[in-house]
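Protein chains in written order, with the working numbering: chain E, 2 to 501; chain S, 2 to 501. For reference, the structure discussed in these notes is given below.
Number of protein chains: 2
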Amino acid sequence: MTGKLDQLKTHLAEYIDLNHAVGLLSWDQQAYMPPGGTEDRGNQIATLSHLAHQAITSADLGRLLDDLLPEAAQMDPDSDEAALIRVADRFYRKETRIPTDWVSRFSTASTLAFDAWAKAKRESNFATFRPFLEEVIRLRQEYASFFAPYGHIYDPFLDDFEPGLKTSEVQAIFAVLRSEQVELIKAISQGPQPDATFLSQPFSEAAQRDFGIEITRKLGYDWTRGRLDVTSHPFTSSFGQGDVRITTRFDPNYLPGALFGIIHETGHALYDQGHAPAYRHTLLSNGASMAVHESQSRMYENLVGRSRAFWKFFYPRLQTYFPGQLGSVSLETFYRAINKVIPSLIRVEADEATYNLHIMLRMELEIGLMEGSLAVKDLPQAWNSHMQDSLGLIPTDDARGVLQDVHWSYGYIGYFPTYALGNLVSAQLWEKILEEIPDLPQQFEMGEFGALLAWLRKNVHQYGAKYQPQVLTERVTGSKIDPTPYLRYLKSKYGELYGL
Amino acid sequence: MTGKLDQLKTHLAEYIDLNHAVGLLSWDQQAYMPPGGTEDRGNQIATLSHLAHQAITSADLGRLLDDLLPEAAQMDPDSDEAALIRVADRFYRKETRIPTDWVSRFSTASTLAFDAWAKAKRESNFATFRPFLEEVIRLRQEYASFFAPYGHIYDPFLDDFEPGLKTSEVQAIFAVLRSEQVELIKAISQGPQPDATFLSQPFSEAAQRDFGIEITRKLGYDWTRGRLDVTSHPFTSSFGQGDVRITTRFDPNYLPGALFGIIHETGHALYDQGHAPAYRHTLLSNGASMAVHESQSRMYENLVGRSRAFWKFFYPRLQTYFPGQLGSVSLETFYRAINKVIPSLIRVEADEATYNLHIMLRMELEIGLMEGSLAVKDLPQAWNSHMQDSLGLIPTDDARGVLQDVHWSYGYIGYFPTYALGNLVSAQLWEKILEEIPDLPQQFEMGEFGALLAWLRKNVHQYGAKYQPQVLTERVTGSKIDPTPYLRYLKSKYGELYGL
Chain E
2 MTGKLDQLKT HLAEYIDLNH AVGLLSWDQQ AYMPPGGTED RGNQIATLSH
52 LAHQAITSAD LGRLLDDLLP EAAQMDPDSD EAALIRVADR FYRKETRIPT
102 DWVSRFSTAS TLAFDAWAKA KRESNFATFR PFLEEVIRLR QEYASFFAPY
152 GHIYDPFLDD FEPGLKTSEV QAIFAVLRSE QVELIKAISQ GPQPDATFLS
202 QPFSEAAQRD FGIEITRKLG YDWTRGRLDV TSHPFTSSFG QGDVRITTRF
252 DPNYLPGALF GIIHETGHAL YDQGHAPAYR HTLLSNGASM AVHESQSRMY
302 ENLVGRSRAF WKFFYPRLQT YFPGQLGSVS LETFYRAINK VIPSLIRVEA
352 DEATYNLHIM LRMELEIGLM EGSLAVKDLP QAWNSHMQDS LGLIPTDDAR
402 GVLQDVHWSY GYIGYFPTYA LGNLVSAQLW EKILEEIPDL PQQFEMGEFG
452 ALLAWLRKNV HQYGAKYQPQ VLTERVTGSK IDPTPYLRYL KSKYGELYGL
Chain S
2 MTGKLDQLKT HLAEYIDLNH AVGLLSWDQQ AYMPPGGTED RGNQIATLSH
52 LAHQAITSAD LGRLLDDLLP EAAQMDPDSD EAALIRVADR FYRKETRIPT
102 DWVSRFSTAS TLAFDAWAKA KRESNFATFR PFLEEVIRLR QEYASFFAPY
152 GHIYDPFLDD FEPGLKTSEV QAIFAVLRSE QVELIKAISQ GPQPDATFLS
202 QPFSEAAQRD FGIEITRKLG YDWTRGRLDV TSHPFTSSFG QGDVRITTRF
252 DPNYLPGALF GIIHETGHAL YDQGHAPAYR HTLLSNGASM AVHESQSRMY
302 ENLVGRSRAF WKFFYPRLQT YFPGQLGSVS LETFYRAINK VIPSLIRVEA
352 DEATYNLHIM LRMELEIGLM EGSLAVKDLP QAWNSHMQDS LGLIPTDDAR
402 GVLQDVHWSY GYIGYFPTYA LGNLVSAQLW EKILEEIPDL PQQFEMGEFG
452 ALLAWLRKNV HQYGAKYQPQ VLTERVTGSK IDPTPYLRYL KSKYGELYGL
């Protein structure tokens, strides 16, 4: 048994190393690669991805799993060994269902679609993107067929990012969320709005960076196992537990972008730095799912980083970085400005109260596209009418409407819901944390964030990919993913802020 | 035929992509990786190197070459197709001779030896390094046996870096070189020495960097296909023709280090950026050998970068960067300072007139170690007595003697000679260039370096790895590697400088 398990680990190590190498090739492409490197880098990533696919679908691995599965069934299902076999088996079974020729057709189609999307967005012209998106959607429908039979055609996509989660579960959650969030936003929009204009003025990039780094240190980001670089789209990238990097972009005329961006990525990075050391160099040294990952980043960004307690400590520090801009702005004015609610057309600019509505719109459209009840040609109109229903806004053009996100051009389907689910999980965890550490806000006011991190390490981070997202959420909070805590949080926070 | 050749290219593309990925993993390790990444990075590099070895020794590749070789014999031997098959066959034949278990034993031994060397050097204690070096030398003797029969036990090592070159050829070259260089240095050491103290004072790193970049641009380094970063050991790294990066290190209290270091690496980079575009993503998009590579870097560093004509243009520019330090230092004083000759213990600090003597000493010792006529235990004494013979100096301790270079701890044997051979080739090329572009120095004085680069592109760079070093040198200069032009250059330059 031990022999076979060691063989499994050795076999998977090759897959892991290849994926980490692809991660570095991609990180470098976004952070440092000169423009001339594009073509060769594409070749390198394609070759290594292909080798990784071979490693995870090899007949040797299949035989090894066939030998190990019966024995794993006898093991304590809660043991790391059983979890490793389970997760490896899941990867193997999923990847072997996907024909190699589909992978290559999809890769070509999505490369073309990405270029077409970038051009269409620049020109705000959906028509030029349409045929490329149609091909991507057709290929994605074919993808679903590899996983038939399924309860819902959207299930295989959701499962790519949220192992084990079903479409019906998400739909039930979102149904509750939608009506309550729409009502809340309506109430907020009727009150007076705080002033946030002072957030838009020159803020030196170097000072933004230094202050951002100061925050990451306080939150517990381990700089001996990470770094911060600049990319046009911020992300966190992990090449093993010992090397978890974050990126950001600085807007020299707007403070919140990089500030909350860095806190958000720090949340992701703390998770990846916190998997059990024993999981090093195994498939368990990963997040449980995208939603659980997002629960960490959004908890740090919003529940921690947009809280009054956090700024009671950090605002005087921020003022020393920017005395001219913020010296005469009070803490309360600053706090209200960074929590201003305003329905907007753009998802990535959305505040906590409206964000989930952007997500629900996208999931509904994705389901329509996969089911075939919505044609790509009708997508812009469907988008606009959903926007009007949920946020009362109609996009002025496609660039600020249906073309705003890159995801569909990459062929990502099932990814968007994870953002909203992450919000929900963050609030569920938060209620639990406050139950166990009631003086957490007082700790933040003193600049102490260690108890929070220790709790997350103990209850979430260390388990890595051992548990599927619903299992993990239930283990930690006592219930599966549930919209109620998030709604309670929104109503309490914004009720106070907007005097509802 | 075309079908098989395409198959060959496709097969080799995997090998190339893996090697480029290893290159990036290693570049990043030295430039940006946080310390926590060491263990995982080691795994990633080992896995990808192993896969690259598999790709270049695979039975499929062997069969393909067996099919292609008879046909290649019918082709124009000067065609790119014949060269590609020849080079691929060379790689395949060499790599398949090396048993996998030797690779793994050698990898372990050299990893241990490197750590032991670093410690021994810090403590200047050869004794602690000795057993590890003995193991490395033993494994290297075993390595030679895989290539038996050979004319000389040192041939397989030389061939790793200088395809086709024989030990006897190098020994004949060095025999001429040694006596003449020793005599020249004796003559120089009897004259008065120029003042170079003003080179050792504070020079801001940012200004050193900006000036260095200005030089690289003038020399023709393409910044859309490269970048400059800081590492503790400077190097050039190529991940394809479109991404050729250089690194340097800045000493804030000594100007020449980074200055000539950047020019040196620019020489390497111009070569790698200049291979024929048609060679992209093939084995021909490489240097012909280490010596030919070094001929480019040392030509730019010394024949260009330490010439009076170069500084007639650049010295006024340099003075604007450092008016306080150099405002009152004349061009002639500066020129003499950067060309000061002084026998020293350390190879990497050696000037043009003494450098080759450091190399010859090492090659003689390596041959003794491989032949078994020199035991590792006797190495420090042999080192010291050779130093006294050739440079009249005895190391004060092993750290500044036999322990100074990293190469042997890595198990590199046969590498050192390439540095000196590069010097020789650079002077051979230079005589040819001056024949064809007699006003080159006048061009430099006007800041024009385009004609030089165009000549190198046409005669050297474009051919990449198509020709072996002796073939290339003979094609371009009319003779194989020859010490005479370098000796002529030294005597003329230092004769004038030291009034000999």
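Every residue gets a Cβ at the ideal spot worked out from N, C-alpha and C, and that includes glycine.
Original post:
Would you report the Cα separation of Ile360 (chain E) and Tyr16 (chain S), rounded to the nearest angstrom?
Top reply: Walking along the first sequence from the start, residue 360 (chain E) turns up at place 359. Walking along the second sequence from the start, residue 16 (chain S) turns up at place 15. So the alpha carbons of these two residues sit roughly 43 Å apart.
Original post:
What separation, rounded to the nearest whole angstrom, lies between the Cα atoms of Asp116 (chain S) and Thr58 (chain E)?
Top reply: Start at 1 with the first residue of the second sequence, and residue 116 (chain S) comes out as number 115. Start at 1 with the first residue of the first sequence, and residue 58 (chain E) comes out as number 57. Answer to the nearest angstrom: the Cα atoms are 38 Å apart.
Original post:
Closer than 9 Å, CB to CB, is Leu285 (chain E) near chain S or not?
Top reply: If you number the first sequence from 1, residue 285 (chain E) lands on position 284. Cβ-Cβ to chain S under 9 Å: no for Leu285 (chain E).
**OP:** Please list the segments of the alpha helix (DSSP H) lying wholly inside the stretch 15-73 of chain S, counting only runs of 4 or more residues, in order along the chain.
**Re:** 39-57
Original post:
Over what stretch of residues does the alpha helix (DSSP H) that includes Val245 (chain S) continue unbroken?
Top reply: Working through the second sequence from its first residue, we reach residue 245 (chain S) at position 244. Unbroken run through Val245 (chain S) is the beta strand (DSSP E), Val245 to Thr249; no alpha helix (DSSP H).
**OP:** Check whether the Cβ atoms of Arg281 (chain S) and Leu498 (chain S) lie closer than 9 Å to each other.
**Re:** As a first step, residue 281 (chain S) is located in the second sequence; it is residue number 280 there, counting from the start. As a first step, residue 498 (chain S) is located in the second sequence; it is residue number 497 there, counting from the start. Contact: no.
Original post:
At a cut-off of 8 Å, is Ala259 (chain S) close to the ligand FMN when judged by its beta-carbon and the heavy atoms of the ligand?
Top reply: Questions concerning the ligand FMN fall outside what the structure shown contains, since it holds no ligand whatsoever.
Subject >> Residues of its chain near Arg458 (chain E), where Cβ-Cβ distance is below 6 Å and the 5 sequence neighbours each way are ignored >> reply: Counted from its first residue, the first sequence places residue 458 (chain E) at position 457. Same-chain partners within the cutoff: Gly275.
Original post:
In whole angstroms, what separates the C-alpha of Lys467 (chain S) from that of Gln142 (chain E)?
Top reply: Position 466 of the second sequence, counting from 1, holds the residue named residue 467 (chain S). Position 141 of the first sequence, counting from 1, holds the residue named residue 142 (chain E). Distance between the alpha carbons of Lys467 (chain S) and Gln142 (chain E) is about 48 Å.
Subject >> Closest residue to Ser201 (chain E) among E:Lys167, E:Leu370, E:Tyr151 and E:Leu256 (Cα-Cα distance) >> reply: Within the first sequence, the letter at position 200 stands for residue 201 (chain E). Measuring from the Cα of Ser201 (chain E), the nearest candidate turns out to be E:Leu256.
Original post:
How long is the line joining the alpha carbons of Gln45 (chain S) and His51 (chain S), rounded to whole angstroms?
Top reply: Taking the first residue of the second sequence as position 1, residue 45 (chain S) is located at position 44. Taking the first residue of the second sequence as position 1, residue 51 (chain S) is located at position 50. Cα to Cα, the separation comes out at about 10 Å.
Original post:
Between which two residues does the beta strand (DSSP E) carrying Leu229 (chain E) extend?
Top reply: Here residue 229 (chain E) corresponds to residue number 228 of the first sequence, with the count starting at 1. First-last of the beta strand (DSSP E) with Leu229 (chain E): Leu229 to Val231.
**OP:** Give, in chain order, every residue of the stretch 7-21 of chain S whose Cβ lies closer than 9 Å to some Cβ of chain E.
**Re:** Ala14, Glu15, Ile17, Asp18, Leu19 and His21
Original post:
Using Cβ-Cβ distances below 9 Å, what residues of the stretch 23-57 of chain E are close to chain S?
Top reply: Val23, Leu25, Leu26, Trp28, Asp29, Ala32, Tyr33, Met34, Pro35, Pro36, Gly37, Gly38, Thr39, Glu40, Asp41, Arg42, Asn44, Gln45, Ile46, Ala47, Thr48, Leu49, His51 and Leu52
Original post:
At what residues does the beta strand (DSSP E) containing Thr237 (chain S) begin and finish?
Top reply: Within the second sequence, residue 237 (chain S) is the residue found at index 236, counting from 1. First-last of the beta strand (DSSP E) with Thr237 (chain S): Thr237 to Ser239.
Original post:
Just curious, the alpha helix (DSSP H) that Pro257 (chain E) is in, first and last residue?
Top reply: Counting from one through the first sequence, the residue named residue 257 (chain E) turns up at place 256. Element bounds for Pro257 (chain E): Pro257 to Gln274.
**OP:** Taking the CB atoms as reference points, tell me whether Ser290 (chain E) and Gly241 (chain E) lie closer together than 9 Å.
**Re:** Stepping through the first sequence from its first residue, residue 290 (chain E) is reached at position 289. Stepping through the first sequence from its first residue, residue 241 (chain E) is reached at position 240. Contact flag unset, no.
Original post:
By how many angstroms is the C-alpha of Gly423 (chain S) removed from the C-alpha of Leu488 (chain S)?
Top reply: Residue numbering aside, residue 488 (chain S) sits at position 487 when the second sequence is read from its first letter. Residue numbering aside, residue 423 (chain S) sits at position 422 when the second sequence is read from its first letter. Cα to Cα, the separation comes out at about 13 Å.
Original post:
When the Cα atoms are used, what is the spatial distance from Leu430 (chain S) to Lys481 (chain S)?
Top reply: Start at 1 with the first residue of the second sequence, and residue 430 (chain S) comes out as number 429. Start at 1 with the first residue of the second sequence, and residue 481 (chain S) comes out as number 480. C-alpha separation (whole angstroms): 11 Å.
Original post:
Can you list the residues of chain E that Asp244 (chain S) reaches, using a CB-CB cut of under 8 Å?
Top reply: Against the second sequence, residue 244 (chain S) aligns to sequence position 243. Neighbours of Asp244 (chain S) on chain E, chain order: Met34, Pro35, Gly37, Gly38, Asp41 and Arg42.
Original post:
By Cβ distance, which residues of its chain are closer than 8 Å to Leu362 (chain S), with the 5 residues on each side in sequence left out?
Top reply: Position 361 of the second sequence, counting from 1, holds the residue named residue 362 (chain S). If we look at Leu362 (chain S) and ignore the five residues flanking it on each side, its Cβ neighbours are Trp384, His387, Met388 and Ser391.
**OP:** Count the other CB atoms, across all protein chains shown, that sit within 10 Å of the CB of Gly412 (chain S); report buried if there are 16 or more and exposed otherwise.
**Re:** As a working mapping, residue 412 (chain S) is identified with position 411 in the second sequence. Under this definition Gly412 (chain S) is a buried residue.
Original post:
Going along chain E in order, which residues have a C-beta closer than 9 Å to the C-beta of His269 (chain S)?
Top reply: Start at 1 with the first residue of the second sequence, and residue 269 (chain S) comes out as number 268. Correct list: empty, because the minimum Cβ distance to chain E is about 16 Å.
**OP:** Taking C-beta pairs closer than 7 Å, name the residues in chain S that Phe240 (chain E) reaches, listed in chain order.
**Re:** What you label residue 240 (chain E) is simply residue 239 of the first sequence in a count that begins at 1. Per Cβ cutoff of 7 Å: Gly38 and Asp41.
Subject >> Distance between Leu370 (chain E) and Val377 (chain E) (C-alpha atoms, nearest Å) >> reply: In the first sequence, the residue the question calls residue 377 (chain E) occupies position 376. In the first sequence, the residue the question calls residue 370 (chain E) occupies position 369. Each residue's Cα considered, the two are about 7 Å apart.
Original post:
Around the Cβ of Gly447 (chain E), are there at least 16 other Cβ atoms within 10 angstroms (buried) or fewer (exposed)?
Top reply: Walking along the first sequence from the start, residue 447 (chain E) turns up at place 446. First, the amino acid is wrong: residue 447 (chain E) is Met here, not Gly. So Met447 (chain E) counts as exposed.
**OP:** Using the Cα positions of Trp409 (chain E) and Leu134 (chain E), report the straight-line distance between them to the nearest angstrom.
**Re:** Numbered from 1 along the first sequence, position 408 holds the residue referred to as residue 409 (chain E). Numbered from 1 along the first sequence, position 133 holds the residue referred to as residue 134 (chain E). Each residue's alpha carbon lies about 7 Å from the other.
**OP:** Measure the Cβ-Cβ separation of Phe147 (chain E) and Trp103 (chain E) and say whether it is below 9 Å.
**Re:** Position 146 of the first sequence holds residue 147 (chain E). Position 102 of the first sequence holds residue 103 (chain E). In this structure, Trp103 (chain E) lies closer than 9 Å to Phe147 (chain E) by Cβ.
**OP:** Could you check the C-alpha separation between Ile189 (chain S) and Glu333 (chain S) for me, to the nearest Å?
**Re:** As a position in the second sequence, residue 189 (chain S) is number 188, starting the count at 1. As a position in the second sequence, residue 333 (chain S) is number 332, starting the count at 1. Computed Cα separation, rounded: 18 Å.
**OP:** Please list, in chain order, all residues of the same chain as Ile339 (chain E) whose beta carbon is under 7 Å from its beta carbon, the five residues on each side excluded.
**Re:** Along the first sequence, read from residue 1 onward, the residue named residue 339 (chain E) stands at position 338. So the list reads Pro257 and Arg307, once near-sequence residues are dropped.
Original post:
Applying the criterion that 16 or more other CB atoms from any shown protein chain within 10 Å of the CB defines a buried residue, is Lys187 (chain S) buried or exposed?
Top reply: Translated into positions along the second sequence, residue 187 (chain S) becomes position 186. Burial call: exposed.
Original post:
Start and end of the alpha helix (DSSP H) containing Leu200 (chain S)?
Top reply: Working through the second sequence from its first residue, we reach residue 200 (chain S) at position 199. Segment: none, Leu200 (chain S) is in no alpha helix (DSSP H) and carries neither H nor E.
Original post:
By how many angstroms is the C-alpha of Gly165 (chain E) removed from the C-alpha of Gln471 (chain E)?
Top reply: On the first sequence, position 470 is the one that residue 471 (chain E) refers to. On the first sequence, position 164 is the one that residue 165 (chain E) refers to. Going by the C-alpha atoms only, they are around 8 Å apart.
Original post:
Taking the C-alpha atoms as reference points, what is the distance between Gly243 (chain E) and Tyr93 (chain E)?
Top reply: Against the first sequence, residue 243 (chain E) aligns to sequence position 242. Against the first sequence, residue 93 (chain E) aligns to sequence position 92. Roughly 26 Å between the two C-alpha positions.
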